[in-house]
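**Q**
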Amino acid sequence: TVLQMVKNLLIITKVDVGIAVSGIAGPSGGSKNKPVGLVHHAISIKGKTFHQKIIFDGNRSDIRIKAARKCFELILENI
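In this text, residue positions in the sequence shown follow the working numbering: the first is 100, and each later residue adds one.
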């Protein structure tokens with residue numbers, strides 16, 4: 100999961116802020132339970148970890164851009 104990914108990132112790199120993202124950007128690979136556009140974000144800032152699940156719309160490129168922007172938003176909201 101992204102939570103485990105970000106926790107391991109912090110252990111390995113010894114940074115104060117870590118980000119992990121996983122999802123289905125499409126155009127294929129989605130299912131009823133995990134549709135195209137589903138993205139999980141985990142942000143860890145100085146020991147506090149946040150997780151967010153979002154379903155973005157758009158094509159593969161749109162979803163990837165929206166997911167990246169959301170990472171920055173989550174960092175700024177929680178710093």
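We put the CB at the ideal spot given by N, CA and C, even for glycine.
Mind reading off the beta-carbon distance from V120 to G129? Whole number of angstroms is fine, and I expect it under 8 Å.
**A** In this structure, V120 and G129 do not form a Cβ contact; the two beta carbons are roughly 17 Å apart against a cut-off of 8 Å.
**Q** At what residue ranges does the region 120 to 144 contain a whole run of the beta strand (DSSP E), taking only runs of 3 or more?
**A** 137 to 144
**Q** Is A124 closer than 8 Å to I153 when the C-beta atoms are compared?
**A** no
**Q** So, using beta-carbon positions, are S143 and L109 closer together than 8 Å?
**A** Yes, the Cβ-Cβ distance between S143 and L109 is below 8 Å.
**Q** To the nearest angstrom, how far is it from the Cα of D156 to the Cα of V138?
**A** When rounded, the distance between both Cα atoms is 11 Å.
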